[in-house]
Amino acid sequence: MSTTTYQQPSLQGYYGKFGGAYIPEMLHRNVEELRNRYLEIMQETSFQKEFRELLKDYVGRPTPLYLAKRLSKEFNTQIYLKREDLNHTGAHKINNTVGQILLAQRLGKKRIIAETGAGQHGVATATVCALKGVECIVYMGEKDIERQAPNVARMKMLGAKVIPATSGSKTLKDATNEAIRDWINNPNDTHYIIGSVVGPHPYPDMVAKFQSVISEEMRWQLKEKTGSELPTHVLACVGGGSNAAGAFYHFLDELSVQLIAVEAAGHGVNSGLSAATTQLGKPGVLHGSKSLVMQTEDGQVVEPHSISAGLDYPGIGPLHAHLFDSGRGEFLSATDEEALDAAFHLAKMEGIIPALETAHALAVFNQKKFKESDVVVVCLSGRGDKDLATYMKAME
Numbered sequence: 009m010s011t012t013t014y015q016q017p018s019l020q021g022y023y024g025k026f027g028g029a030y031i032p033e034m035l036h037r038n039v040e041e042l043r044n045r046y047l048e049i050m051q052e053t054s055f056q057k058e059f060r061e062l063l064k065d066y067v068g069r070p071t072p073l074y075l076a077k078r079l080s081k082e083f084n085t086q087i088y089l090k091r092e093d094l095n096h097t098g099a100h101k102i103n104n105t106v107g108q109i110l111l112a113q114r115l116g117k118k119r120i121i122a123e124t125g126a127g128q129h130g131v132a133t134a135t136v137c138a139l140k141g142v143e144c145i146v147y148m149g150e151k152d153i154e155r156q157a158p159n160v161a162r163m164k165m166l167g168a169k170v171i172p173a174t175s176g177s178k179t180l181k182d183a184t185n186e187a188i189r190d191w192i193n194n195p196n197d198t199h200y201i202i203g204s205v206v207g208p209h210p211y212p213d214m215v216a217k218f219q220s221v222i223s224e225e226m227r228w229q230l231k232e233k234t235g236s237e238l239p240t241h242v243l244a245c246v247g248g249g250s251n252a253a254g255a256f257y258h259f260l261d262e263l264s265v266q267l268i269a270v271e272a273a274g275h276g277v278n279s280g281l282s283a284a285t286t287q288l289g290k291p292g293v294l295h296g297s298k299s300l301v302m303q304t305e306d307g308q309v310v311e312p313h314s315i316s317a318g319l320d321y322p323g324i325g326p327l328h329a330h331l332f333d334s335g336r337g338e339f340l341s342a343t344d345e346e347a348l349d350a351a352f353h354l355a356k357m358e359g360i361i362p363a364l365e366t367a368h369a370l371a372v373f374n375q376k377k378f379k380e381s382d383v384v385v386v387c388l389s390g391r392g393d394k395d396l397a398t399y400m401k402a403m404e
């Protein structure tokens, strides 16, 4: 490994052999401007003050770290849930959009674009644009618009324009393609708020830093509850991987903490309808960075499948590709069926209805045995309101 720690990519934005900025010439100026200025802006006292105040008074942080007693008893281990579902807008996504809107303002950008799959990042972007009075355009796959109707309505109510992506699988990958096209056409006044730890450098690092508030809080909350800042395991679902990056961040270089990422196996890893990138992917370039990508022999991107729109992505963030490649992270997967079962189970056991994305992480308790003395923290990345149509169908 180069001189980078797990937390910090190299100057060119590489985590091990993954990362970088593979971008068309037209975007070079935008991405360079971001790369040259993001760290300096994020470290400014005025930026940090406004960011922290908004997280506290607007987002509602810190989010609770909750000991799930009935679940813990059932699986004979200590299970803590980091309640990102209790954030304003219902998921972890708002941590990043608050940071990026403040950054965009300091860069003098007047127009915001975003991509969204499950709609939570779209809602979080529309929310901060309304907060700051900035024009907002959200690209969303046509298929996702259908399966995430409540979030589409929320975005529109918040004043955002939602544009359907009608190519390819009509999901997150295609929405991202459309957003990148828009950015190429409007380089001067537009900032692209990417919702995950994907895209060209500096996005994976920037989004991970904004989301790292999750593990920052976990450490002091665990100290209060258990006497130690370090859990034995941190568990999170991974599509692009922003909630996992945030939950892992302050434990990346604590090698005693086991990091477990859970991908969407769809109908089964080898069914041809899956989004388990680390199992199926090969090194390739997608949306501006080198990572593991689900692709054919000749490098065409394979259409992913997951019941959860937020995990329906054929790649994974370069940080996660490096965690997988280096063995620092353990990557598991859960099928659509297993995720649905885990969601209903949490609802009945703890009175918490999770997002379908999060349910993939919870499915691991049926796959992996933990010790009674283990302290397992699950990043409960979002709440299940947006998935009620899917849950209702499963109850029929």
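Okay, so the sequence shown: first residue is 9 according to the working numbering, each after it adds one.
For each residue, glycine too, the CB sits at the ideal point set by N, CA and C.
Nothing here was measured: the structure is a model prediction, and the numbers come from that model.
Contacts around residue i, its chain only, beta-carbon distance under 6 Å, and the 5 residues preceding and following it disregarded
i, result
"Q86", "S80, V383"
"A183", "E123, Y147, M148, G149, A173"
"S250", "S204, V205, V215, Q219"
"L331", "G337"
"M403", "none"
"A397", "none"
"C137", "I120, C144"
"A350", "A367, L370, A371"
"K376", "none"
Of the listed residues the options, nearest to residue i (C-alpha basis)
i, options, result
"A134", "G390, R78, T97, Q156", "T97"
"V309", "R391, I315, F332, T285", "T285"
"T105", "L63, E82, A397", "L63"
"V265", "C245, M34, Y23, S236", "S236"
"Q56", "A168, R114, W228", "R114"
"K25", "S334, K231, E380", "S334"
"G337", "T13, F256, K118, A371", "F256"
"E40", "S54, G21, Q51, T53", "G21"
"V131", "E154, G141, M165, K151", "M165"
"P212", "A29, K401, T53", "A29"
"Q287", "A253, A252, S297, A329", "A329"
"L281", "A350, D349, C245, L319", "L319"
"T406", "Q51, I102, L42, T53", "Residue 406 falls outside the range modelled here, since the chain spans only 9 to 404, and no answer is possible."
"G127", "G141, L94, L139, R162", "R162"
"S389", "E345, E358, A252", "A252"
"Q156", "S175, C245, L238, H129", "H129"
"S381", "V142, P239, R78", "P239"
"G167", "A355, V142, I109", "V142"
Own chain partners of residue i with C-beta closer than 7 Å, once the 5 adjacent residues on each side are dropped
i, result
"G107", "F59, F218"
"S10", "Because S10 carries a pLDDT of 43, less than 50, the predicted location of this residue cannot be relied on, and no value is offered for it."
"Y46", "L111, P210, M214"
"P158", "D393, K394"
"I192", "P32, M34, L35"
"I49", "F55, L111, R114"
"D261", "T13, Y14, Q15"
"R43", "H209, P210"
Identified DSSP bridge partners for residue i
i, result
"G27", "Y22, K298"
"V146", "A122, V170"
"S341", "E271"
"Q266", "H241"
"K90", "L73, C387"
"Q229", "According to DSSP, Q229 bridges with nothing at all."
"G292", "S299"
"G323", "V301"
"A6", "No answer is possible for residue 6: the residues shown for the chain start at 9 and end at 404."
"H36", "H36 is not bridged to any residue."
"I188", "BP columns for I188 are empty, so no partner."
"I201", "A122"
"A283", "A272"
"V309", "Q303"
C-beta atoms of residue i and residue j nearer than 8 Å
i, j, result
"G27", "V206", "no"
"A342", "L180", "no"
"A99", "L89", "no"
"I268", "I201", "no"
"D65", "K117", "no"
"L370", "L230", "no"
"V221", "R69", "yes"
"E311", "S177", "yes"
"F83", "F378", "yes"
"H435", "S223", "With the chain running from 9 to 404 in the structure shown, residue 435 is simply not present."
"L364", "V270", "no"
"V242", "V385", "yes"
"G289", "V301", "yes"
"N374", "E346", "yes"
Test: residue i CB closer than 8 Å to a CB of chain C
i, result
"E365", "Considering every chain present, this structure includes no chain C. It has just one protein chain."
Contact set for residue i: own chain, Cβ-Cβ below 8 Å, skip 5 residues either direction
i, result
"G307", "G292"
"P195", "M34, L35, R37, N38"
"I171", "I145, V146, Y147, M148, E186"
"K401", "none"
Contact belief for residue i with residue j at Cβ below 8 Å, rounded distance in angstroms
i, j, result
"E61", "C387", "No, E61 and C387 are not in contact; Cβ-Cβ is about 24 Å, not under 8 Å."
"I188", "H295", "7 Å"
"G247", "Y321", "5 Å"
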